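Line by line, the protein sequences give chains A and B. Numbering-wise (this note's numbering), the first sequence opens with residue 1 and increments by one. Numbering-wise (this note's numbering), the second sequence opens with residue 1001 and increments by one. Only one structure is covered here, and it is reproduced in the block below.
Number of protein chains: 2
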Amino acid sequence: MVTQSEENYLKAIYHLGKQGSIAVSTNAIAEKMTTKASSVTEMLKKLAEKELVDYKKYQGVSLTKKGKTIAANVVRKHRLWEVFLVEKLKFSWDEVHDVAEQLEHIKSQKLIDELDAFLEFPTQDPHGDPIPDREGNLQKSQKIFLSQVNQSVNCSCVGVKDSSASFLKYLDKNSIALGTAIQVVNKEPFDESMNIKINDSELTISKEIANNIYVKLN
Amino acid sequence: MVTQSEENYLKAIYHLGKQGSIAVSTNAIAEKMTTKASSVTEMLKKLAEKELVDYKKYQGVSLTKKGKTIAANVVRKHRLWEVFLVEKLKFSWDEVHDVAEQLEHIKSQKLIDELDAFLEFPTQDPHGDPIPDREGNLQKSQKIFLSQVNQSVNCSCVGVKDSSASFLKYLDKNSIALGTAIQVVNKEPFDESMNIKINDSELTISKEIANNIYVKLN
DNA sequence: TTATATTTTTAGCCTTCCCTAAAAAAATAT
DNA sequence: ATATTTTTTTAGGGAAGGCTAAAAATATAA
């Protein structure tokens, strides 16, 4: 049996390990989980004992095959629940996270299989992140930053990088949501700001904003 | 903050306190929760400290207003999730309990309000038990035992008394489900067995079975 | 009513997961 | 290459929730 706390640690290591496949540091985990490094060390020993991570003192950790499967499954559940909350229960982008954080720990294979079917097998969550399949494989999404899109090109919003509540609120205010069609009207070389068209109305956005929005080309 | 464990104790006291409004005994709670009496005593002290129960050593406990509200809310969540599992995710009667037992502890007012609306404000769970409203009031259901129904009378199944997996399986096997129309064809005075008609096919059931099925008259 | 049985509580201990403070190892700077 | 800083681990402790065994209170029987 894997406890809720253990699942959270595995998930954190999973996310931190994604970019660059080097071992994850104790401090990085502590920061991500807003806990103390000493607590992390203790948990790493327990996870190593259970063969869910490879851990050598002072050398950081990485997930074993077994650990990775569990972590991917937690992420899968988290993202499926997010889809459920947005599509079926009228939650908005910035409200789903805390609840999904609780729901991801519910244990029932049938529940998650049926939920997946009920949602018609979604491949992305409301933030545009891919949903791992039953085996834990997640298809590489080919999203790029809006800032990388050339003038006159059409694309659609598939996600955000910074999913803080304040940024999500900005997007809502400007009618940018998952799936929203965006046309790049003009790119200003000087400050890298952009003019974009959304539903026929034009909007100017800064480099910082454009660097936080993921899109896919149409 | 009320912990998951505290919620479970409050719920147990709530259920045990229903029939007969005398105080609930330590042993009864221990049995219901499959734990030890000593653990119960310890928890009762904690709950009394938080003013969720009235507790006097050796005299049993009862819920305070505050405790009752929390307990009713847990029951409300449990039963709403059961409806969700059966109506939307194709769970059968005997599969919902364990999962609902986990889901009932998810904390989010919006979640439960939206779920309620999504399910179109059900008043009964799949076992025919009433769902408390937001204030914790639950309408008295007027269900009676099938054994109390007179000859030639039509009724429909609204619930069961013993919801053990084995009994639920018996019902499934004989095509008896929530909402199933039942006609009492004949009552045998000798052993109180009954002949009943379900979807035009006749079935003989013992007194024990008839005493476990709740119905409402048509 | 006194003895016996049952119920409930107390005392002491365990595990999980968190913490602080100090020690040890590794990384960085002079 | 040594000194300093940063990171990681160890040591020791706390709260929550469970356990067993023994003591105390209550209930039941003779």
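Cβ coordinates follow ideal geometry from the N, Cα and C atoms, glycine included. Here the structure is a predicted model, which means the values were calculated and not measured.
May I have the straight-line CA-CA distance separating isoleucine 1144 of chain B from asparagine 1212 of chain B, to the nearest angstrom? 10 Å
DSSP bridge partner residues for threonine 1204 of chain B (one or two, in chain order): B:Asn1195
Would you check if there are 3 or more beta carbon pairs closer than 8 Å linking the stretch 1118–1133 of chain B to the stretch 1182–1198 of chain B? no
Using a threshold of 7 Å, is the CB atom of threonine 1064 of chain B nearer than that to any non-hydrogen atom of the ligand NAD? The model depicted lacks the ligand NAD and carries no ligand whatsoever.
Please compile the residues from chain A whose C-beta is within a distance smaller than 7 Å of the C-beta of lysine 1077 of chain B. Result: empty, since nearest Cβ-Cβ is about 12 Å, beyond 7 Å.
Where the alpha helix (DSSP H) containing serine 38 of chain A begins and where it ends: 37–49
Could you tell me the distance, in whole angstroms, from the CA atom of asparagine 186 of chain A to the CA atom of lysine 207 of chain A? 13 Å
If we ignore side chains and look at the alpha-carbon of each, how far apart do tyrosine 1055 of chain B and leucine 1080 of chain B end up? 30 Å
Leaving out the 5 sequence neighbours to the left and right, which residues in its chain are closer than 7 Å to leucine 1119 of chain B when beta-carbon positions are compared? Leu1080, Val1083, Phe1084 and Glu1087
Within 10 angstroms of the Cβ of phenylalanine 1121 of chain B, are there 16 or more other Cβ atoms? Answer buried if so, exposed if not. exposed
Chain B within 8 Å of lysine 107 of chain A, Cβ atoms only: yes
Of all Cβ atoms in chain B, is any one closer than 8 Å to the Cβ of leucine 89 of chain A? yes
Tell me glutamine 139 of chain A's beta-bridge partners as DSSP assigns them. Glutamine 139 of chain A pairs with nothing; no bridge assigned.
Where alanine 23 of chain A sits in the DSSP three-state scheme: coil
Under the rule that 16 or more other beta-carbon atoms within 10 Å means buried, what is tyrosine 1058 of chain B, buried or exposed? exposed
Beta-carbon neighbours of phenylalanine 121 of chain A, restricted to chain B and to distances below 7 Å: Neighbours of phenylalanine 121 of chain A on chain B: none; closest Cβ ~14 Å, over 7 Å.
Look at asparagine 73 of chain A and methionine 33 of chain A and say whether their C-beta atoms are less than 8 Å apart. no
Taking CB distances under 8 Å as the criterion, tell me whether glutamine 102 of chain A reaches chain B. yes
Please classify aspartate 172 of chain A as buried or exposed, where buried requires at least 16 other C-beta atoms within 10 Å of its C-beta. exposed
What number of angstroms, rounded off, separates the C-alpha of glutamate 1006 of chain B from the C-alpha of serine 1152 of chain B? 48 Å
On the DSSP letters alone, give me the boundaries of the beta strand (DSSP E) that glutamine 183 of chain A sits inside. 181–187
Three-state secondary structure assigned by DSSP to isoleucine 144 of chain A: strand
Can you confirm whether the stretch 1065–1072 of chain B touches the stretch 1041–1056 of chain B when touching is taken to mean that 3 or more C-beta pairs between the two stretches lie within less than 8 Å? yes
In chain A, what lies closer than 8 Å to glutamate 1095 of chain B by C-beta? Lys110
Name, in chain order, the residues that DSSP records as bridge partners for proline 1130 of chain B. B:Gln1124
Mark methionine 1001 of chain B as exposed unless 16 or more other C-beta atoms lie within 10 angstroms of its C-beta, in which case mark it buried. exposed
Anything in chain B within Cβ reach of leucine 115 of chain A, meaning under 8 Å, just list it in chain order. Leu1089
Whose CA, out of B:Leu1089, B:Ser1062, B:Glu1095 and B:Gln1102, lies closest to the CA of lysine 1077 of chain B? B:Gln1102
Look at lysine 161 of chain A and aspartate 94 of chain A and say whether their C-beta atoms are less than 8 Å apart. no
Is the distance from the Cβ of alanine 37 of chain A to the Cβ of glycine 60 of chain A below 8 Å? no
Three-way DSSP call (helix, strand, coil) for tyrosine 1058 of chain B in this model: coil
So with Cβ pairs under 8 Å, would you call valine 83 of chain A a contact of chain B? no
State buried or exposed for glutamate 1042 of chain B, treating a residue as buried only when at least 16 other CB atoms are found within 10 Å of its CB. exposed
So, is serine 147 of chain A buried or exposed, given that buried needs 16 or more other C-beta atoms within 10 angstroms? buried
Outcome for proline 126 of chain A when other beta-carbon atoms lying within 10 angstroms are tallied against a minimum of 16: buried
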